[in-house]
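Numbering follows UniProt numbering, with no gaps: position 312 of the sequence shown is 312.
Even glycine gets a Cβ: it sits at the ideal position worked out from N, Cα and C.
Notes follow once the structure below has been shown.
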Amino acid sequence: MDADRRRTAEDSGSVGRDGAFHPGRDCRWPADHRHRGGRVAADAGAARRQAGNADGRPAQWLAAAAGNRRRSGVTTRFRITVEFDGRPYAGWQRQDNAPSVQGAIEAAIHAISGETVQVHGAGRTDAGVHAAAMVAHFDLARPFTPFRLVEAINGRLRPQPIAVLDCVEAPGFHARFDCTGRAYRYTIINRRAPLTVQRGLAWQVPALLDADAMAAAAQLLVGRHDFTTFRSTACQSASPIKTLDRLDVARDGELISVVAEARSFLHHQVRSMVGCLKLVGQGRWSAATLASALAACDRRALGLNAPADGLTFISARYGQVSDRFTIIDDRSEL
1 MDADRRRTAE DSGSVGRDGA FHPGRDCRWP ADHRHRGGRV AADAGAARRQ
51 AGNADGRPAQ WLAAAAGNRR RSGVTTRFRI TVEFDGRPYA GWQRQDNAPS
101 VQGAIEAAIH AISGETVQVH GAGRTDAGVH AAAMVAHFDL ARPFTPFRLV
151 EAINGRLRPQ PIAVLDCVEA PGFHARFDCT GRAYRYTIIN RRAPLTVQRG
201 LAWQVPALLD ADAMAAAAQL LVGRHDFTTF RSTACQSASP IKTLDRLDVA
251 RDGELISVVA EARSFLHHQV RSMVGCLKLV GQGRWSAATL ASALAACDRR
301 ALGLNAPADG LTFISARYGQ VSDRFTIIDD RSEL
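In C-alpha cells:
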C-alpha cells in the first residue's frame, strides 16, 4: 500500500498552459478555459497520456524514476533473442566506421530509453553472417515490461533486417560468458540453376557433391585439435586449440546443411572447415588430405574458405556443458 500511495503522489499534478505535465503542482487555467462540461480536464488527461507512455505515466515521472535508479545503481538486466540478415552489416560487433548489428540495437535502445547501453551477444559474427537466434543481454535503469521493450526496440529498428524475437528479465545472466555451446549452420545449394529466393543466404555449388563423403570426412575434425589451418590470419584468439563437439553434414534434395557446434570458434573456423569439406565432396580432396591439412597447423594448407553468405548462427546453449568432451576452452577467448 505504501508503494501505491507514493506512486499516486508522484503521478499527481496537472498540465499547464505550456502543454507540459507538472508533477505535484496545480496549474490552474484562467476561467475562460474552464467551460463546456469539463473539456479542459479531458484535454489535460489526453495531454498527460501523450506525454507519458502507454501505461499513462507521464514522461517526467519515467525520466525521474530512471534517473533515481541510475544514481542508486539499480538496473534491470534483459535477455533477448535476435534474428538478423547479416548482409548489410560489417558483423555483430560495433565499429566506428561501418554498420553493425550491435550498434543498430544499441542505437534503438538509446532512442527509446535515453540510456547508453552495451549489448553483449553470445557470439560475434563476421561480416555478412546471419543469425536465427542470437542471444544477447543489456541493462536498463528505466522501467520497461519485456513485452513493451520488444515492441519499442523493433519499432525503432524498422526497416533494418533485425528483429528481437523475445525478451525476459534475467538477473545475473551473461549472454557471452554463461554460454556453454554455440551452433552454426552452413547452407549449400547444390544445383546449376541460379539462386533466387535464397540468393545471399546460401552458397551455390553447381558441381554435384558427395554429401556422404563430406559427412564421413567431417568426423576427422571433431574433438580437441589445433585448428591453425582453419583459422583466419586476423584471428585474435590467444590459442588455436579448440574443442569441436559436432560437425554434421546432411543432404535433403539440393540442400546440403553443415551444422557445427562448440563452446567457441576461431575466426573463420566454420567457413574454412566447410570450404575443405566442399573439396572432399567434389572429389578433389580425400579424407586423408583433410586430415593432413589439420595436422599441418598451417593456414597455407587450407584448401578453400567458404563465403559468408551461407553461414547462420542458429543457437546458444546455456547450462550443462556437453559431456562428449571434457575439455573446456579458456573463458577469456569466448
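Residue environment, residue i, which counts as buried when at least 16 other CB atoms sit within 10 Å
i, result
"P239", "Per the sequence shown, the amino acid found at residue 239 is Ser instead of Pro. Looking at its Cβ environment, which holds fewer than 16 other Cβ atoms inside 10 Å, S239 is exposed."
"I328", "Confidence at I328 is low in this model, with a pLDDT of 40, below 50, so the placement of that residue should be treated as unreliable; the coordinate-derived value is given next. It counts as exposed."
"G37", "Only weak support exists for where G37 lies, its pLDDT of 43 falling under 50; the coordinates are left without a value."
"A42", "Bear in mind that the predicted position of A42 carries a pLDDT of just 45, short of 50, making it unreliable; the figure below should be weighed with that in mind. Exposed, since its Cβ has fewer than 16 Cβ neighbours within 10 Å."
"E261", "buried"
"V129", "buried"
"R158", "exposed"
"R192", "exposed"
"L302", "buried"
"V74", "exposed"
"A116", "The sequence as given places Thr at residue 116; Ala does not occur at that position. Exposed, since its Cβ has fewer than 16 Cβ neighbours within 10 Å."
"Q236", "exposed"
"G253", "exposed"
"A122", "buried"
"N97", "exposed"
"Q118", "exposed"
Those residues which DSSP pairs with residue i across a bridge
i, result
"I80", "A136 and C167"
"C235", "Paired residues: none, contrary to the question."
"G200", "Beta-bridge pairing links G200 to no other residue."
"A131", "F84 and F313"
"Y89", "None; Y89 has no bridge partner."
"G121", "A136"
"T187", "S257"
"G181", "R317"
Integer-rounded CB distance, given that residue j should sit under 8 Å from residue i
i, j, result
"V164", "V82", "6 Å"
"G181", "R300", "Incorrect: roughly 31 Å between the Cβ atoms, too far for contact."
"I314", "R124", "The pair is not a contact, with the Cβ atoms about 15 Å apart (cut-off 8 Å)."
"F138", "H120", "7 Å"
"L277", "R231", "Not confirmed; about 16 Å, so no contact."
"V274", "A306", "4 Å"
"T229", "A296", "6 Å"
Practice task
Could you name each continuous beta strand (DSSP E) segment of 3 residues or more that falls completely within the region 135 to 175, going from the start of the chain to the end?
Solution key: Look at the region 135 to 175 and you find these whole runs of beta strand (DSSP E), each 3 residues long or longer: 162 to 169.
Exercise for the section: Count the C-beta pairs between the region 264 to 284 and the region 105 to 117 that are closer than 8 Å, then say yes if the count reaches three, no if not. Expected result: Segments in contact, no.
Exercise for the section: Would you be able to state if there are at least three C-beta pairs under 8 Å between the region 149 to 168 and the region 202 to 210? Expected result: Too few Cβ pairs lie closer than 8 Å, so no.
Handout entry: Length at least 3, wholly inside the UniProt domain "Pseudouridine synthase I TruA alpha/beta" (217 to 318): the beta strand (DSSP E) runs in chain order
Key = Those beta strand (DSSP E) runs which fall completely within the UniProt domain "Pseudouridine synthase I TruA alpha/beta" (217 to 318) and span 3+ residues are 223 to 226, 241 to 252, 255 to 262 and 311 to 318.
Problem - Given 8 Å, three or more beta-carbon pairs between the region 125 to 142 and the region 76 to 94 - result: Contact holds: three or more Cβ-Cβ distances are below 8 Å.
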